[in-house]
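Report on the structure given below.
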Amino acid sequence: MIESDYKYETFKSWSELLILLEVQALTNELLLEIVKLHKEKFKRQSNLQDFDKQINIEESDIFIGTNNYLEIIYKWQETIIFSYKFLQYARSRGGTYGHKVGCLWKFLSDNFEENQKTLTTLQKT
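Take a look at the structure:
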């Protein structure tokens with residue numbers, strides 16, 4: 000895989016996560032702050048990573064069904080995995096590129112750990 004593939008897969012998965020979070024935030028105000036934070040970070044990171052491709056929502060790999068919070072958890076984990084692969088690619092190139100991508104992976108993984116309990120609790124209700 001090349002850089003643009005790792006980058007594209009990371010941002011595509013993240014945008015799908017944002018869609019899922021936004022849908023759930025319509026009925027659950029607890030998720031509004033998460034959505035706001037992720038939109039802000041997504042915009043900042045896409046500028047930092049020079050990501051200017053359009054993501055076609057119709058090609059998205061999301062399913063909105065009865066286990067919406069599980070779908071959010073799954074998509075979030077998928078996004079973390081893609082960002083980690085992107086980070087490993089960046090590190091293999093050397094220089095400071097790994098540091099640039101590292102903050103993306105760190106945000107996604109730390110924010111998931113902070114909100115996983117909330118999502119699990121919401122799933123049970």
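Each residue of the sequence shown is one higher than the one before, counting from 0 in numbering that gives the first Met the number 0.
Beta carbons: idealized from backbone N, C-alpha and C, even for Gly.
Owing to the predicted nature of the structure, the values given are computational and were not obtained by experimental measurement.
First and last residue of the alpha helix (DSSP H) that includes residue i?
i           : result
residue 126 : Residue 126 is absent from the structure shown; the chain starts at 0 and stops at 124.
residue 109 : 96-123
residue 42  : 31-47
Hey, out of the options, whose CA is closest to residue i's CA?
i           : options         : result
residue 47  : 30, 118, 102    : 102
residue 57  : 112, 18, 111    : 18
residue 75  : 90, 99, 53, 113 : 113
residue 105 : 79, 124, 117    : 79
residue 119 : 49, 38, 4, 69   : 69
residue 11  : 41, 29, 30, 27  : 41
Residues in its own chain within less than 8 Å of residue i by CB, not counting five upstream and five downstream?
i          : result
residue 51 : 45
Alpha carbon to alpha carbon, how far is residue i from residue j?
i           : j           : result
residue 97  : residue 108 : 16 Å
residue 15  : residue 72  : 12 Å
residue 36  : residue 25  : 16 Å
residue 93  : residue 20  : 35 Å
residue 77  : residue 6   : 13 Å
residue 13  : residue 59  : 11 Å
residue 8   : residue 81  : 6 Å
residue 110 : residue 43  : 16 Å
residue 121 : residue 55  : 29 Å
residue 99  : residue 49  : 11 Å
residue 29  : residue 39  : 17 Å
residue 22  : residue 91  : 37 Å
residue 53  : residue 67  : 25 Å
At a Cβ threshold of 8 Å, is residue i touching chain B?
i          : result
residue 70 : Looking for chain B here will not work: only one protein chain is present.
By Cβ distance below 7 Å, which residues in the same chain neighbour residue i in space, the five residues on each side in sequence not counted?
i          : result
residue 33 : 20, 114
Within its chain, find whatever has a CB closer than 6 Å to the CB of residue i; leave out the 5 residues flanking it on each side and keep chain order.
i          : result
residue 84 : 5
residue 31 : 24
residue 87 : none
residue 89 : 96, 97, 100
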